[in-house]
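Contents: one structure, followed by commentary.
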Amino acid sequence: MSELAALALIGDMLVRATPLILTGLAVAFAFQAGILNIGAEGQLLIGAACSTAITLKFGHTLGAGIIIVSLIGGSFAGAAWAAIAAELRTRFHVLEVISTIMLNFIALYLVSFLVRGPLQEPTHIYPQTETMPLYARLPTLLSGTRLHAGFIIAVLAGVAGWWILQHTAAGFRLRAAGKNPSAAKIAGKINIGRTTRNVFLISGALAGLAGAIEVHGVTFALYENLSPGYGYTAIAVALLAGLNPLWVIATGIFFGALEAGASALQRDAGIPVTIASVIEALIILIVLAAGSIRSLRSLQSSIVSNESTAEIA
Amino acid sequence: MAEPGPVSSALELRGISKRFGNLQALSNVSLVLRPGTVHALLGENGAGKSTLMRIAFGMIKPNAGQIRIDGNVVHLRSPRSAIRAGIGMVHQHFMLVPAMTVAENIELGGRGFFDARRSAARIRQLVEETGLILDPLARADSLSVAGQQRLEIVKALAHHARVLILDEPTAVLAPAEAQELLTLIRRLVQTGRSIVLITHKLQDAERFADDVSVLRDGKLVLSSPVADVTVESLARSMLGPERTTNRTQGPTEQRQQHTSITPVIRLEHVDVQRKSSPKDLRNISLEIRPGEIVGVAALDGAAADLLRVIAGRYKPAAGKLITPIRIGFVPEDRQRDALVGDFNVSENFALRDSGQRRGRMPWPRLRREANALIDSFDIRAQSIDTLARELSGGNQQKLVLARELSDNPAALIAENPTWGLDIQATAEIHSRLRAAALDGCAVLFYSSDIDELVDLADRVFVIRDGSLTDVERGAEAIGNALLGSSTLT
């Protein structure tokens, strides 16, 4: 393989990793707080749709500054989409596993309506929006590759996420609420409802940001199959990282490599892309199995220690 | 109570030894359960009581020793073979299927067809015979804790158990229920069954058992008829000569000087709406001064609801409530409500007031303070990075108490502060509470153990039928006030 092709492949891997890191962070944050947000996919799509709409509508007045406005707008849109599930859970005790999955489908069909209706490109032939002007695109980091500045945002988000969880009071509340809501409430006087809402908003914002970055860095337009299931792969990314934001950066890149490599394999060796999905599924199963083996072991050792070593002092 | 018979035994353990890793859990323990008697097995947590009984129930294999039932040597490979040999065991944590009825729970694991009517008839007959009142058609999750325990006992009897092992059966019961259960146990042995009663309550052993054995550090230190021992001699053999503490030490006189000072906690005509029970608390008035230890007794969790209102966890339905800003709270269920098991010691320490904290967590300072607390409260943890769930119950409770007292609160509210702890840990918690009161902290606690109320409190209140009454500080007076003289037998 030539040096140039290798470089392009690395670029591809990191481009793929960008939305995986951000949605992986969205899932990790929610899971850390005991909230099973399966809706990163929908939040990503809404973020992408809103971001595209903002750019196409106001891009000509703001110039390059539209990128920042649009990324913020996309994050807010993702957070708003997650807020629906948050309200359903805190007010009506609707399980977020169900509501977020349902909201994924609503988001998908909403995008599909938008690209055939209000946001369709002027010729009304293709089910997609107009392409974004050049100034509204995220700058490329490495010439000769598709690697864009969004990757840096994703890495920074991972580091910031780790810092928030470990070193801020809000992050501490989030972890306490996830590990033992009862003790968090009674011993820590933590407002569980408010913590839950905030976590939904942060999680949705991260996924929405992933969508916004995807349209500004890769697709430059909104269309139905914008995401090949980033929001679902994100669950594997987050679980493999043990829900640690710093590790999410690493596992996001790993899964990015897997998917980028699979496309190259198909192109060069005729091996179907689905091999990547098979490997991803296997990884989830192995992670889950390892987790249950570990908890079984600790259960056994705690039985033995209660049996014997307890209070020999 | 029967005279000790020379040879006959329902269950005999001979020279049982068991090692776990490099820990000798049991060494050469022998025990004889005479037919038709209650045999109390005493010992602190970790003394080996449960291990010994799990060996008798076939759950654990001993490294050495012999088990005889009715004089015949048996080899127990599993609980199933123990049940077949006529041994039944009621564990501290019940093993019931909540969604199944009493009858279904009892027949679970049987063979052939399940005939609801025949099974119900069989259970009714057992209920009649033993006095363990149960409705065969009630769902297990609709039973009270005492009811679930009766179900466990009837389940063992339905499997034709002649030897019944009860693991700390009174630990989960309110005092009145515990008395009732122990009375029923006496009745059971009159039907020819034999019972091993694991407990760490000396009074229960003294009053309801025929024989008593004491384990300490895996060794049998005493085994004799109850007639030959006293509560004091049992305590001595349980704790060992060097660790015997004066448990009946009363409240110190030095605190009386505080009584003239203005109260830190004041309730005026407070109503408390109750979640768990239809009976609300009405018109509660109470004053607690600095340095006072006030105890509350109640049968059905009413005290917990009142204490949580005073601790600021719930709002009162009506009335005036004055409490200090700095107030410590020790909930009853430490694993559920006080500690995050997967957090380490310093994180659990940081949990206090984390709801109000802004900005960054000052970890270096929090960890320094946590380290100081482990030392001053003698919490046996390897380090402040040890997970809370890896600590023993006593150390968990000390951690909770250390945390809640760490900012020298003006008042401390504690629910059943020594629930499930052994004598040593209980004594430590008591002395911590007394020390806090000496420092001027107003301590309000409730306890389901009347002896603890008498030991620890300066003043005792009883909640009954939704109202609070002042009672004399004595076991009998509290018991009468709790049950009402009409229901007293």
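In order, the protein sequences belong to chains A and B. For the first sequence, numbering that gives the first Met the number 0 assigns the number 0 to the initial residue and increments by one for each residue that follows. For the second sequence, numbering that gives the first Met the number 0 assigns the number 0 to the initial residue and increments by one for each residue that follows. The C-beta atom is built at its ideal place from N, Cα and C for all residues, glycine as well.
In this chain, Phe328 (chain B) is not harboured by any alpha helix (DSSP H); it is covered by the beta strand (DSSP E) spanning Ile326 to Val329.
Non-local C-beta neighbours of Ile59 (chain B) in its own chain, meaning closer than 8 angstroms and more than five positions away in sequence, comprise Lys17, Thr50 and Arg53, ordered along the chain.
Secondary structure note for His38 (chain B): its beta strand (DSSP E) is the uninterrupted segment Val37 to Leu41. Taking all protein chains shown into account, Gly64 (chain A) has fewer than 16 neighbouring C-beta atoms within 10 Å of its C-beta and is therefore exposed.
Here the stretch 179–193 of chain A makes no contact with the stretch 39–59 of chain A; the two share fewer than three CB pairs at distances below 8 angstroms. No Cβ of chain A is located within less than 8 angstroms of the beta carbon of Gln396 (chain B).
One thing to note: Val263 (chain B) has its Cβ within 8 angstroms of the Cβ of Ala410 (chain B). Under the DSSP assignment, Pro224 (chain B) falls in the beta strand (DSSP E) whose first and last residues are Lys218 to Pro224. Under the 8 angstroms Cβ criterion, the stretch 148–164 of chain B counts as touching the stretch 73–89 of chain B, having at least three qualifying pairs.
Interface residue (Cβ-Cβ distance to chain A less than 8 angstroms): Met360 (chain B) is classified as such.
In the DSSP annotation of this structure, the continuous segment of the beta strand (DSSP E) that includes Gln23 (chain B) starts and ends at Leu22 to Leu32. The C-beta of Arg379 (chain B) has fewer than 16 other C-beta atoms within 10 Å across all chains shown, which makes the residue exposed. Within chain A, the C-beta atoms nearer than 9 angstroms to that of Arg335 (chain B) come from Asn179, Ser181, Ala182 and Ile185, in chain order.
Scanning chain A for C-beta atoms nearer than 8 angstroms to the C-beta of Gln355 (chain B) yields Lys188, reported in chain order. Contact annotation, Ser284 (chain B) with Leu266 (chain B): C-beta distance approximately 6 angstroms; criterion of less than 8 angstroms satisfied.
Within 9 angstroms of the CB of His166 (chain A), the CB atoms of chain B belong to Arg359, Met360 and Trp362, in sequence order along the chain.
Contact with chain B is found for Phe171 (chain A), since one of that chain's Cβ atoms lies less than 8 angstroms from the residue's Cβ.
Scanning chain A for C-beta atoms nearer than 9 angstroms to the C-beta of Val339 (chain B) yields Arg174, Ala175, Lys178, Asn179, Ala182, Ala183, Ala186 and Gly187, reported in chain order. By the Cβ test, the stretch 161–169 of chain A is not in contact with the stretch 318–333 of chain B, since fewer than three Cβ pairs between them sit closer than 8 angstroms. Shown here, Lys56 (chain A) sits in a helix according to DSSP, grouped into three states. A direct Cα-to-Cα measurement between Ile185 (chain A) and Asp406 (chain B) gives close to 17 angstroms. Here Leu61 (chain A) carries a helix assignment [DSSP, helix/strand/coil]. In the DSSP assignment, Asn71 (chain B) forms a beta bridge with B:Ile68. Taken atom to atom, the span from the alpha-carbon of Phe444 (chain B) to that of Ala170 (chain B) is near 18 angstroms.
Distance check between Gln423 (chain B) and each of B:Arg149, B:Gly354, B:Leu40 and B:Asn394 places B:Asn394 closest, using alpha-carbon atoms only. Taking a contact as a CB-CB distance under 8 angstroms, the pair His215 (chain A) and Ser74 (chain A) does not count as one, their CB atoms being some 12 angstroms apart. Residues of chain A whose Cβ lies closer than 8 angstroms to the Cβ of Ala349 (chain B) are, in chain order, Phe171.
A distance of 8 angstroms or more separates the beta carbons of Asp203 (chain B) and Leu219 (chain B). Using a CB distance cut-off of 8 angstroms, Phe56 (chain B) does not count as an interface residue toward chain A. A distance of 8 angstroms or more separates the beta carbons of Ala237 (chain A) and Ala81 (chain A). By the Cβ rule, the stretch 385–404 of chain B does not count as touching the stretch 356–364 of chain B, because fewer than three pairs are nearer than 8 angstroms. For Ala480 (chain B), same chain residues with a beta-carbon under 7 angstroms away, outside a window of 5 residues either side, are Val461, Arg463, Thr468 and Val470 in chain order. The continuous alpha helix (DSSP H) containing Gly251 (chain A) extends over residues Pro244 to Ala268. Scanning chain A for C-beta atoms nearer than 7 angstroms to the C-beta of Arg312 (chain B) yields Ile185, reported in chain order. The Cβ atoms of Ile122 (chain B) and Val153 (chain B) lie closer than 8 angstroms to each other.
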